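These notes are about the structure you will find just below.
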Amino acid sequence: MHSHHSHSGQYVQHAKDSLEECVQAAKDKKFDVFCLTEHMPRSRETDLYPEEIESKTTPVDLAKVFDDYVKHARQLQKDNTSNTEILVGFECESIRAECWDRAVELKKHYGLDLCVGSVHHVNGIPIDFSQGQWCDASDSVSDMIDDQTTPEHALYKKYYEIQWNMLQKLKPEVVAHFDLIRLYSTIREGFGATENYVRENWPDVWDQIIKNIDFIISYGGFIEVSSAPLRKGWNTPYPRPDICKAVINRGGRLCLSDDSHGVAQVGLNYKKTLEYLEGLGVKDLWFLTKKSGKVEAQKIEIVRAKEAGFWVSC
Numbered sequence: 001m002h003s004h005h006s007h008s009g010q011y012v013q014h015a016k017d018s019l020e021e022c023v024q025a026a027k028d029k030k031f032d033v034f035c036l037t038e039h040m041p042r043s044r045e046t047d048l049y050p051e052e053i054e055s056k057t058t059p060v061d062l063a064k065v066f067d068d069y070v071k072h073a074r075q076l077q078k079d080n081t082s083n084t085e086i087l088v089g090f091e092c093e094s095i096r097a098e099c100w101d102r103a104v105e106l107k108k109h110y111g112l113d114l115c116v117g118s119v120h121h122v123n124g125i126p127i128d129f130s131q132g133q134w135c136d137a138s139d140s141v142s143d144m145i146d147d148q149t150t151p152e153h154a155l156y157k158k159y160y161e162i163q164w165n166m167l168q169k170l171k172p173e174v175v176a177h178f179d180l181i182r183l184y185s186t187i188r189e190g191f192g193a194t195e196n197y198v199r200e201n202w203p204d205v206w207d208q209i210i211k212n213i214d215f216i217i218s219y220g221g222f223i224e225v226s227s228a229p230l231r232k233g234w235n236t237p238y239p240r241p242d243i244c245k246a247v248i249n250r251g252g253r254l255c256l257s258d259d260s261h262g263v264a265q266v267g268l269n270y271k272k273t274l275e276y277l278e279g280l281g282v283k284d285l286w287f288l289t290k291k292s293g294k295v296e297a298q299k300i301e302i303v304r305a306k307e308a309g310f311w312v313s314c
């Protein structure tokens, strides 16, 4: 079993538990591959989260924390004698274009194994922190609204345009929570609204989604299937079926992630996630490995993945 996206409370203030405890949890659950991907440091005080402001954390502190994380993670990777392979990477920020330049520098400077490409902001406003901020982000795209475009339509369009720019700049090995913009959406696809709402009602947004998927496929990136939304009240992982089916039909590579923020979330809801993928007709999962000395992509049939030691340990 694999996770290409994880966090610890030691290096992210909104998570729990130490990095070593999270790694040990992955080992105890007999993960085959567990990727450490703490957030890259943000460089502006205006980008700090409430818990960081409360703890009087500064951007300089965040840079030091990230440096400490990489050194710690590399040591855990070096000392690892278990059957659980540890890869060391980071999750990028997409607050503004300068974040991508810094992400490129960080990956090169530290020689990191992978970059997890994410978009958590639109016009500098978080879209997955609260319903209120999601609405603020929606208000921020008023310049894109016309007789044919509602605020939510414009917000989706802007989100996937930012994602496109991030993909162009970083070509991340793993693209995280592809449709995170839906977390606080007022259009509850799959909860009453048609599952194909975006494709049927916002063809320009759907065209951008397909464009993004095709680009990820062109450079060999993975689109993660994340179990995280199942613990947030969703009835499916990210991405929802419309996007998952588009990835499958176009020959894209899907990988597993738990986006864990502590020991309790390592591998959480993986049974439901695999059932979801099988229901969509997915046959293979992809994963990263460094056993040859360099990071490479490999795949495994879901049938075989269901025989992994993870299921026995859990």
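For the sequence shown, full-length UniProt numbering assigns the number 1 to the initial residue and increments by one for each residue that follows. Using N, Cα and C, we set each Cβ at its ideal position, and we do this for glycine too. Quantities reported herein were computed from a predicted structural model and do not represent experimental measurements.
Helix, strand or coil for residue i? Go by DSSP, reduced to three states.
| i | result |
| --- | --- |
| phenylalanine 215 | helix |
| glycine 192 | Because the pLDDT at glycine 192 is just 49, under 50, the model does not fix this residue reliably, and the value given afterwards should be weighed accordingly. The answer is coil: DSSP assigns glycine 192 none of H, G, I, E or B. |
| glutamate 21 | helix |
| serine 6 | strand |
| aspartate 146 | strand |
| leucine 48 | coil |
| isoleucine 187 | coil |
| glycine 309 | helix |
| glutamine 13 | coil |
| leucine 266 | Leucine is not the amino acid found at residue 266; the sequence shown has valine there. Valine 266 falls in the coil class under three-state DSSP. |
Tell me the residue span of the alpha helix (DSSP H) that contains residue i.
| i | result |
| --- | --- |
| arginine 74 | 59-79 |
| glutamine 168 | 151-170 |
| valine 247 | 241-249 |
| arginine 199 | 197-201 |
| serine 138 | 131-139 |
Return the first residue and the last residue of the beta strand (DSSP E) that residue i is part of.
| i | result |
| --- | --- |
| glycine 124 | Looking at the DSSP string, glycine 124 is not in any beta strand (DSSP E), and its letter there is neither H nor E. |
| glutamate 278 | Run containing glutamate 278: none in the beta strand (DSSP E); it sits in the alpha helix (DSSP H), 270-279. |
| lysine 107 | No beta strand (DSSP E) holds lysine 107; the alpha helix (DSSP H) holding it covers 97-110. |
| arginine 253 | 253-257 |
Taking the Cβ atom as the reference point for each residue, do residue i and residue j lie within a distance shorter than 8 Å?
| i | j | result |
| --- | --- | --- |
| glutamate 224 | histidine 5 | yes |
| alanine 228 | aspartate 258 | yes |
| serine 260 | serine 18 | no |
| glutamate 89 | valine 116 | At residue 89 the sequence reads glycine, which differs from the glutamate that was named. It is a contact, given that the beta carbons lie within the stated cut-off. |
| leucine 155 | valine 122 | yes |
| aspartate 146 | isoleucine 95 | no |
| cysteine 99 | valine 263 | no |
| aspartate 113 | leucine 87 | yes |
| glutamate 52 | glutamate 91 | no |
| leucine 36 | histidine 120 | no |
| glutamate 105 | arginine 42 | no |
| arginine 250 | isoleucine 209 | no |
| residue 367 | arginine 240 | What is shown of the chain runs 1 to 314, which leaves residue 367 out entirely. |
What does a CB cutoff of less than 8 Å around residue i pick up in its chain, not counting 5 residues either side in sequence?
| i | result |
| --- | --- |
| glutamate 45 | Thr58 and Pro59 |
| valine 282 | Cys244, Ile248, Leu254 and Ile302 |
Going by DSSP, what residues sit across from residue i in a beta bridge?
| i | result |
| --- | --- |
| lysine 299 | Trp286 |
| glutamate 85 | Val33 |
| glycine 117 | Val175 |
| serine 226 | Tyr238 and Ser257 |
| residue 317 | As shown, the chain starts at 1 and ends at 314. That puts residue 317 outside it, with no answer to give. |
Give me, in chain order, the residues of the same chain whose beta-carbon lies closer than 6 Å to that of residue i; leave out the 5 immediate sequence neighbours on both sides.
| i | result |
| --- | --- |
| threonine 84 | Ala26, Lys27, Phe31 and Phe34 |
| phenylalanine 191 | With a pLDDT of 48 at phenylalanine 191, under the threshold of 50, the modelled position of that residue is not reliable, and no figure is offered here. |
Looking only at its chain, what residues have a beta carbon closer than 7 Å to the beta carbon of residue i, apart from the 5 residues adjacent to it on each side?
| i | result |
| --- | --- |
| glutamate 20 | Leu76 |
| serine 138 | Pro151, Glu152 and Leu155 |
| glycine 132 | none |
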